[in-house]
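*Asks:*
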Amino acid sequence: MMDNKDNDTLTLGNNSFGKLPDHLLIEIFIRVPVSEWGQVSCVRKQWANLFRGECLWQAALTRTFPLVSQAKRWPGPIPRGHSKRRFAALYVSKRFFEPDEEIDEIIGHTFLFLKEQLEHSTMPLSSGVLHGTIIDQFIACGKSRDMAHELASQIWLAVLDNLEENERTFHLLKRLALEGEVFLPYPYSRSIKVQWRVFEKLLTDFRDCFNQADYYDVLALAKNKFQPIPSAWLGY
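Numbering (our numbering), first residue to last: 57 to 292.
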């Protein structure tokens, strides 16, 4: 337990922060680790409003990604958005895809687009439409067909690996596994690596969610697509 002196110190510090103007608070907050921003925004209503506003995110963009001001808007179906969205996209690009290389902002935006479509859409599009949208976006940004296909595959794999393990994800993966095959020309054809990951997660991480009939239906599809299949998919 904190003694009275600790409480007095905490109260004094809190009151001192409360007297600071917004622009100084922003300069302090953008120097706090990103992982703690959620906690910081819950301390005071004033601070929460700063994290909802554009000024803090613009300052965070400039400090964390100083070359962002040189980036030009791109054509294609996936928009760039405001500063908060751009910061999230750049953070994702650096964390998941390009930790030691020049950051490509559109990769992060594409990851966020796909994750939101899969996790939050009430009427999610088919995987073929989502994959085609991603391919179109990369080609519109000047990527080659091979590069567009490879980047799309990497993004699908990253999103699948970062979905929450819950009932909604189980039904999503089962829908993706049961989707009928439609012939599409390269690079619009779905990656075999992505299809493998869908079945792998279903038949290992979510195996206990199946009823018996659905499990054997999905297992039969897996056997038709992949030979041989891992023994772990059979529950061994």
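Each residue gets a CB set at the ideal place from its N, CA and C atoms; glycine is no exception.
How about Lys-249 and Leu-207: do their beta carbons lie closer than 8 Å?
*Replies:* Within the sequence shown, numbered from 1, the residue matching residue 249 stands at position 193. Within the sequence shown, numbered from 1, the residue matching residue 207 stands at position 151. Result no, Cβ atoms of Lys-249 and Leu-207 do not sit closer than 8 Å.
*Asks:* Among residues of its own chain, excluding the 5 on either side of Leu-186, which ones have a beta-carbon nearer than 7 Å to its beta-carbon?
*Replies:* The count along the sequence shown starts at 1 and reaches residue 186 at position 130. Within the same chain, Leu-186 has close Cβ partners Leu-170, Gln-173.
*Asks:* Would you give the residue range spanned by the alpha helix (DSSP H) that Met-203 belongs to?
*Replies:* Stepping through the sequence shown from its first residue, residue 203 is reached at position 147. 201–217 is the extent of the alpha helix (DSSP H) around Met-203.
*Asks:* Under the three-state reduction of DSSP, which class applies to Gln-283: helix, strand or coil?
*Replies:* Looking up residue 283 in the sequence shown gives position 227. Three-state result, Gln-283: coil.
*Asks:* Classify Phe-262 as buried or exposed, calling it buried when 16 or more other Cβ atoms lie within 10 Å of its own Cβ.
*Replies:* Along the sequence shown, one-based indexing puts residue 262 at 206. Answer is buried; the Cβ neighbour count reaches 16.
*Asks:* Going by alpha carbons, who is nearest to Arg-297 out of Phe-266, Ser-209, Phe-152, Arg-201?
*Replies:* With the chain represented from 57 up to 292, any question about residue 297 goes unanswered, as that position is not in the structure.
*Asks:* Please list, in chain order, all residues of the same chain as Ala-288 whose beta carbon is under 6 Å from its beta carbon, the five residues on each side excluded.
*Replies:* Position 232 of the sequence shown, counted from the first residue, corresponds to residue 288. Around Ala-288: Thr-260.
*Asks:* Evaluate Ser-149 with the Cβ neighbour count: other Cβ atoms within 10 Å of its Cβ, from every protein chain shown; 16 or more gives buried, anything less gives exposed.
*Replies:* Your numbering for residue 149 matches position 93 in the sequence shown. Buried.
*Asks:* Here's the rule I'm using: 16 or more other beta-carbon atoms within 10 Å means buried, otherwise exposed. How should Arg-253 be labelled?
*Replies:* Along the sequence shown, one-based indexing puts residue 253 at 197. With 16 or more other Cβ atoms within 10 Å, it is buried.
*Asks:* According to DSSP, simplified to helix, strand and coil, what is Gly-94?
*Replies:* Your numbering for residue 94 matches position 38 in the sequence shown. Helix.
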